[in-house]
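Heads up: the sequence shown begins at -4 in our numbering, then just goes up one per residue.
Every residue gets a Cβ at the ideal spot worked out from N, C-alpha and C, and that includes glycine.
Just so it is clear, the structure is predicted and the values come from calculations on it, not from any experiment.
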Amino acid sequence: MSSRSAGRGEGRPTLEAVAALAGVGRGTVSRVVNGAVGVSPRARTAVEQAIAELGYVPNRAARSLATSRADAIALIVPETETRLASEPFFASIIRGVASEISDTELQLLLILVSTERERRRLAGFLDGRRVDGVLMVSVHADDPVVELLERTGLPTVLGGRRSELEPISYVNPDNLGGAWSAVRHLLGLGRRRVATITGPLDMEASCVRLEGYRRALAEAGVPAEAELVAHGDFSEASGERAMTELLEREPGVDAVFVASDLMAAGAMRALRRAGRRIPADVALVGFDDAPLARHTEPPLTTVRQPSEEMGRAMARLLLEEIAAPGRSHRQVILSTELVVRESA
């Protein structure tokens, strides 16, 4: 039986059959399949023609063993399923990452980690080198997951950071500039009792947005009063609670910068319940430019952060780190933009 007829048998074409048809050794075929160097143009052409003729499909498991590659990356979200589903930010990040890797052979694995048991399970998964690299969003200070990623040595890119001294590669929106522009806009409308509702202060993004609020007030010569600061956790319910607290403490508040659109939607509900008109009595600015910002009543003025581009940039950095292990870490800051609608 000839090598050509053997390759056309009923079974799945093998690497050996490709080698026989191309007239080269098995190792040469393996190097071509795995994109390795050291193969002459003539031999590479012969192997590629044999692969096409036989319809050979590389065994991914064997390829992974040969190249020490898992052909997968993980996107870690240290939040609950409920939080993942309720916050549009996460969907935008996932879309961005998925679009960036769509032309690669990589699979994207979504991993939620919110309990100690899930962290232990994740540690075993990462120690087993079942992914080539990791993306992580919703970064909290002192999060043990980030420390775990540092220990594994896997290529890692964060969406957000723990501080300005973050040693891991990250992509971050301009939280400071975005918050500053929101508060400057409110002050420019003649508002002087400008309050803010922060996100959780164990997240650097929340702290920096608060700093942007304070900086804009200081530049305008308006005192930053502790009574005008309330805290939320980026959820709609927390925004409603925080707005209720602000109105009880400072009934004369005439504007609010809210650190997320979801919290702003909750704040609107509290304002309506208190009989306050938006924006006649209280002007409101959010942060994110989530789809819901266009559909609130009235539509929400907000700071647009490029969440989908953030996901794409994170994936690009990770692909570069996977391709060139040991390269220096990089930091990317993406611009934000104030989008003016009827709420302010």
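What is the C-beta distance between residue i and residue j, in whole angstroms, given that I count them as a contact (C-beta under 8 Å)?
i	j	result
A364	G155	Outside the shown range of the chain (-4 to 339) lies residue 364, about which nothing can therefore be said.
A249	G281	The sequence given here has Asp at residue 249, not Ala. D249 to G281, Cβ: 17 Å. No contact.
V178	F229	The Cβ separation is near 19 Å, so there is no contact.
R336	P301	About 18 Å separates the two Cβ atoms, so there is no contact after all.
G194	G172	Contact doesn't hold; Cβ gap of about 17 Å is too wide.
E245	A190	7 Å
E220	G261	At roughly 22 Å, the Cβ-Cβ gap does not stay under 8 Å, so E220 and G261 are not in contact.
Checking 9 Å against the spacing of the C-beta atoms, do residue i and residue j come in under that value?
i	j	result
V19	A47	no
A45	L103	no
A174	A259	no
V166	L312	yes
T296	S338	yes
L314	I96	yes
D127	P150	yes
D137	R112	no
S176	R307	no
S164	R325	yes
L184	P274	yes
On the DSSP bridge assignment, give the partners of residue i in chain order.
i	result
M131	I71, L153
E332	R299
Q102	A67
H226	T193
F282	V298
A250	V189, A278
S35	Beta-bridge pairing links S35 to no other residue.
N170	According to DSSP, which records beta bridges pairwise, N170 is partnered with nothing at all.
S164	V152
V327	V166
L107	V72
Give me the residue from the options with the minimum Cα distance to residue i.
i	options	result
H135	E74, L70, T296	E74
E222	F229, T239, E43, E231	T239
L212	R188, V203, S87, G194	R188
L121	S35, L79, I71	I71
P83	P294, G321, A288	A288
R125	D137, T147, S81	T147
D283	T110, M305, G321	M305
L105	D98, V132, G123	V132
N170	E145, C202, H180	C202
E292	G270, V217, R264	R264
R299	R271, R272, P168, S323	P168
E76	D98, E145, T110	T110
Short of 7 Å in beta carbon distance, which residues of its chain neighbour residue i, apart from the five on each side in sequence? Order them along the chain.
i	result
A364	Given a span of -4 to 339 for the chain in the structure shown, any question on residue 364 remains unanswerable.
A118	L143
M309	V92, L130, V152, G154, V166
V108	I71, P73, R114, L117, V140
L10	R21, V24, S25
I328	N167, D169
Ignore the nearest five residues each way along the sequence and tell me which others in residue i's own chain have a CB closer than 6 Å to its CB.
i	result
G227	I192, S233, G234, A237, M258
E303	S87, R90, G91
M198	H135
A285	P83, D256
A269	L242
R37	none
G247	R188
Beta-carbon within less than 8 Å of residue i's beta-carbon, same chain only, minus the 5 sequence neighbours each way: which residues are those?
i	result
R186	D249, A250, A278
R7	V52
V340	This structure leaves residue 340 out entirely; the chain is present only between -4 and 339.
L205	A174, T191, T193, L196, V224, A254
E100	D66
V217	L182, R187, V189
V322	One point to set straight first is that residue 322 is Arg, not Val, in the sequence displayed. The answer, listed in chain order, is E315, E316.
R271	L242, V277
V34	T23, R26, V27, V42
H180	V280, T296, L333, V335, A339
L79	V72, F85, L107
S81	S230, E231, L257
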